[in-house]
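Participant: Pasting a structure here, questions to come.
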Amino acid sequence: MTTINSNIRKVYKKIKEYQQIIIARHVGPDPDAIASQIALRDSIRLTFPEKECFAVGLGVSKFKYYGILDKIENEKYDNSLLIVLDCPNLHRIDGIENLKYKEIIKIDHHPSEDIKGDVDWTDETSCSTCQMIAELVLKSPLKFDTKVAGNLYLGIVSDSDRFLLPYTTTKTFRIIADLIDKSKVDFPSLYSYLYDRSLDEVKFQGYIAENLAVTENGLGYLVIPAQIIKKYNVDLATPSNLINNFNYIKEVIVWTFITEDAKNKSYKVSIRSHGPIINKTASKFNGGGHKYASGARLNNEEEINDFIKALDADCEEYKRASISNIN
Ligand SMILES: [Mn+2]
0 MTTINSNIRK
10 VYKKIKEYQQ
20 IIIARHVGPD
30 PDAIASQIAL
40 RDSIRLTFPE
50 KECFAVGLGV
60 SKFKYYGILD
70 KIENEKYDNS
80 LLIVLDCPNL
90 HRIDGIENLK
100 YKEIIKIDHH
110 PSEDIKGDVD
120 WTDETSCSTC
130 QMIAELVLKS
140 PLKFDTKVAG
150 NLYLGIVSDS
160 DRFLLPYTTT
170 KTFRIIADLI
180 DKSKVDFPSL
190 YSYLYDRSLD
200 EVKFQGYIAE
210 NLAVTENGLG
220 YLVIPAQIIK
230 KYNVDLATPS
240 NLINNFNYIK
250 EVIVWTFITE
260 DAKNKSYKVS
270 IRSHGPIINK
280 TASKFNGGGH
290 KYASGARLNN
300 EEEINDFIKA
310 LDADCEEYKR
320 ASISNIN
């Protein structure tokens, strides 16, 4: 508790100190990354209207509800403070080309990688980066309004998968209760921004359910060819958006979608787990992430086969360990 509070103090102090603040997050953002980034920017702007504070990176049209990202000339911000959210590795930060920042703050809930922040607030027990930003605005003099609170709420709900994932803690609920009490945000009205989807997507989910292969060890996997993505009129990001919907299938303890990325001549991989730790295997295949939610990249069929075998072995080992625990 003390370390977290001291991180909040340190982060606030740096924000106060700098005139130029650039906020970035990982490439291919999800709601937690975008919402934390825009919420922090808007909170800093509310608190310090005289500062120049920008949220950078490529915009994603389906996330425009959260707010519009800033297009700036990075070369002009040599004296800036860079705040990186929801991203542990330098090469995955979006939109900081040619930015010669003075100091870097990291706020993230992923396992630590190569970014070492001048202030480094890494909390793997947090369900989301938005939970950390919510704590920051609640416990520091940073101001927030219903829009900031709504963004943070959606990021928390999204990354915790509606509080289903084990990263959800009593602290998550305390922070959310505080956030709602203090902002009076009408949270039930926000869910459509996360959960509205097209009929095409629902039909594509049916395709996945119909075609998912399941091994004896409880690995569910599906290789999705580019022409299927085209046929269902969805896109490369759709399988990873749908992957959490395949939670709570009795026969499946780990599941993965391997989607052909025709443009980059590779395969984009999402993985989820109900038990076995999967990020070690993910990191062997150009990926990584959380213990129970990871991603990877594969280049050819041989790698696909090796990857499926490795994940299946993780499932087998986990099953064996659980059986010997019972005995
Ligand atoms: Mn996150």
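Residue numbers (numbering that gives the first Met the number 0): 0 to 326. All residues carry an ideal CB built from backbone N, CA and C; glycine is no exception.
Assuming the contact rule is C-beta atoms closer than 8 angstroms, Lys101 and Asn78 should be a hit. Round their C-beta distance to whole Å, please.
Facilitator: Working through the sequence shown from its first residue, we reach residue 101 at position 102. Working through the sequence shown from its first residue, we reach residue 78 at position 79. Rounded, the Cβ-Cβ distance is 6 angstroms, consistent with contact.
Participant: Along the chain, which unbroken stretches of the alpha helix (DSSP H) at least 4 residues long are found entirely within the region 219 to 302?
Facilitator: Whole alpha helix (DSSP H) segments, 4+ residues: 225 to 230, 237 to 241 and 278 to 283.
Participant: Beta carbon of Ile303, beta carbon of Val222: below 8 angstroms?
Facilitator: Here residue 303 refers to the residue found at position 304 when the sequence shown is read from its first residue. Here residue 222 refers to the residue found at position 223 when the sequence shown is read from its first residue. Closer than 8 angstroms, so yes.
Participant: May I have a chain-ordered list of the alpha helix (DSSP H) segments no shorter than 4 residues that lie completely inside the region 16 to 97?
Facilitator: Runs of the alpha helix (DSSP H) inside the region 16 to 97: 30 to 46.
Participant: Using beta-carbon positions only, say whether Ala23 and Asp122 come within less than 8 angstroms of one another.
Facilitator: Within the sequence shown, residue 23 is the residue found at index 24, counting from 1. Within the sequence shown, residue 122 is the residue found at index 123, counting from 1. The answer is no: Cβ separation not under 8 angstroms.
Participant: Does the distance between the C-beta of His108 and the nearest non-hydrogen atom of ligand 1 fall short of 7 angstroms?
Facilitator: Numbered from 1 along the sequence shown, position 109 holds the residue referred to as residue 108. Checking every heavy atom of ligand 1 against the Cβ of His108, one is found closer than 7 angstroms.
Participant: Any heavy atom of ligand 3 within a distance shorter than 7 angstroms of the CB on Thr121?
Facilitator: No copy of ligand 3 appears in this structure; the ligands present are ligand 1.
Participant: Quick one: is Asn4 buried, meaning 16 or more other Cβ sit within 10 Å of its Cβ, or exposed?
Facilitator: As a first step, residue 4 must be located in the sequence shown, where it is residue number 5. Under this definition Asn4 is an exposed residue.
Participant: Is the beta carbon of Tyr220 closer than 8 angstroms to that of Leu189?
Facilitator: Residue 189 sits at position 190 when you count from the first residue of the sequence shown. Residue 220 sits at position 221 when you count from the first residue of the sequence shown. No, these two residues do not count as a Cβ contact at 8 angstroms.
Participant: Among the residues of its own chain, which have a CB less than 6 angstroms from the CB of Met0, if the five just before and after it don't count?
Facilitator: For the purposes of this step, residue 0 is identified with residue 1 of the sequence shown, where counting begins at 1. Its pLDDT being 45, under 50, Met0 is placed unreliably in this model, and the coordinates cannot settle the point.
Participant: From the DSSP output, read off the bridge partner residues of Lys346.
Facilitator: Since the displayed the chain opens at 0 and closes at 326, residue 346 lies outside it and no answer follows.
Participant: Does the count of Cβ pairs from the region 145 to 164 and the region 51 to 58 closer than 8 angstroms reach three?
Facilitator: Too few Cβ pairs lie closer than 8 angstroms, so no.
Participant: For Val184, which three-state DSSP category applies?
Facilitator: Start at 1 with the first residue of the sequence shown, and residue 184 comes out as number 185. Coil at Val184, not helix or strand.
Participant: Taking Cβ positions, are Ile106 and Met131 nearer each other than 8 angstroms?
Facilitator: For the purposes of this step, residue 106 is taken as residue 107 along the sequence shown, with counting starting at 1. For the purposes of this step, residue 131 is taken as residue 132 along the sequence shown, with counting starting at 1. Yes.
Participant: Using CA coordinates, which residue listed in Ile207, Lys264 and Ala133 is at the minimum distance from Ile175?
Facilitator: The sequence position of residue 175 within the sequence shown is 176, counting from 1. Ranking Ile207, Lys264 and Ala133 by Cα distance to Ile175 puts Ala133 first.
Participant: Could you check the C-alpha separation between Lys12 and Pro140 for me, to the nearest Å?
Facilitator: Residue mapping note: residue 12 aligns to position 13 of the sequence shown, counting from 1. Residue mapping note: residue 140 aligns to position 141 of the sequence shown, counting from 1. Taking the straight line from one Cα to the other gives about 10 angstroms.
Participant: Name the one or two DSSP bridge partners that Val213 has.
Facilitator: Sequence index remark: in the sequence shown, residue 213 carries index 214 (1-based). Beta-bridge pairing links Val213 to Gly219.
Participant: Is any heavy atom of ligand 1 found at a distance shorter than 7 angstroms from the C-beta of Thr171?
Facilitator: The count along the sequence shown starts at 1 and reaches residue 171 at position 172. The answer is no for Thr171.
Participant: Assign His90 to one of two classes, buried (16 or more other C-beta atoms within 10 Å of its C-beta) or exposed (fewer than that).
Facilitator: As a working mapping, residue 90 is identified with position 91 in the sequence shown. When all chains shown are included, His90 counts as exposed.
Participant: Straight-line CA distance for Asn240 to Lys142?
Facilitator: The residue given as residue 240 occupies position 241 in the sequence shown. The residue given as residue 142 occupies position 143 in the sequence shown. Those two C-alpha atoms are separated by around 32 angstroms.
Participant: So, for Glu336: in the same chain, excluding its five sequence neighbours on each side, which residues have a beta-carbon less than 8 angstroms away from its beta-carbon?
Facilitator: Because the chain is modelled from 0 through 326, residue 336 falls outside the range shown and cannot be assessed.
Participant: Would the C-beta of Ser127 count as close to ligand 1, meaning under 7 angstroms from any of its heavy atoms?
Facilitator: The sequence position of residue 127 within the sequence shown is 128, counting from 1. Yes, Cβ of Ser127 sits closer than 7 angstroms to a heavy atom of ligand 1.
Participant: Is Asp31 near ligand 1 - that is, is its Cβ less than 7 angstroms away from at least one heavy atom of it?
Facilitator: Residue mapping note: residue 31 aligns to position 32 of the sequence shown, counting from 1. Result yes, Cβ under 7 angstroms from ligand 1.
Participant: What residue range does the alpha helix (DSSP H) around Thr145 cover?
Facilitator: Translated into the one-based positions of the sequence shown, residue 145 becomes position 146. Unbroken alpha helix (DSSP H) run through Thr145: Thr145 to Asp158.
Participant: Work out the CA separation of Lys202 and Ser306 for me, nearest whole Å.
Facilitator: In the sequence shown, residue 306 corresponds to position 307, counting from 1. In the sequence shown, residue 202 corresponds to position 203, counting from 1. It should be pointed out that residue 306 corresponds to Phe in this sequence rather than to Ser. Straight-line Cα distance between these residues: approximately 27 angstroms.
Participant: Any idea what DSSP makes of Thr167, helix, strand or coil?
Facilitator: Residue 167 sits at position 168 when you count from the first residue of the sequence shown. Reduced to three states, the DSSP call for Thr167 is coil.
Participant: Assuming contact is defined by CB atoms lying nearer than 8 angstroms, are Tyr65 and Ala32 in contact in what I supplied?
Facilitator: On the sequence shown, residue 65 is found 66 positions in, with the first residue counted as 1. On the sequence shown, residue 32 is found 33 positions in, with the first residue counted as 1. The answer is no: Cβ separation not under 8 angstroms.
Participant: If you draw a straight line from the alpha carbon of Ala261 to that of Leu193, how long is it in whole angstroms?
Facilitator: Here residue 261 is taken as the residue at index 262 of the sequence shown, counted from 1. Here residue 193 is taken as the residue at index 194 of the sequence shown, counted from 1. C-alpha separation (whole angstroms): 27 angstroms.
Participant: By the DSSP assignment, the alpha helix (DSSP H) with Ile132 in it spans what residues?
Facilitator: Position 133 of the sequence shown holds residue 132. Taken as a continuous stretch (DSSP letters only), the alpha helix (DSSP H) holding Ile132 covers Thr128 to Lys138.
Participant: Report the option in Ser159, Glu200, Ala38 and Lys9 whose CA atom is closest to the CA atom of Val118.
Facilitator: For the purposes of this step, residue 118 is taken as residue 119 along the sequence shown, with counting starting at 1. Out of Ser159, Glu200, Ala38 and Lys9, Lys9 has the C-alpha closest to the C-alpha of Val118.
Participant: By the 10 Å Cβ neighbour count, where 16 or more other Cβ atoms means buried, how is Gly205 classified, buried or exposed?
Facilitator: Residue mapping note: residue 205 aligns to position 206 of the sequence shown, counting from 1. Classification of Gly205: exposed, given that the 10 Å Cβ count is below 16.
Participant: Would you say Asp158 touches ligand 1, meaning its beta carbon is less than 7 angstroms from a heavy atom?
Facilitator: Within the sequence shown, residue 158 is the residue found at index 159, counting from 1. It does: the Cβ of Asp158 is within 7 angstroms (strictly closer) of some heavy atom of ligand 1.
Participant: With respect to the alpha helix (DSSP H) encompassing Leu193, which residues constitute its N-terminal and C-terminal limits?
Facilitator: Taking the sequence shown and counting its residues from 1, the one referred to as residue 193 is at position 194. Looking at the DSSP string, the run of the alpha helix (DSSP H) that includes Leu193 is Tyr190 to Tyr194.
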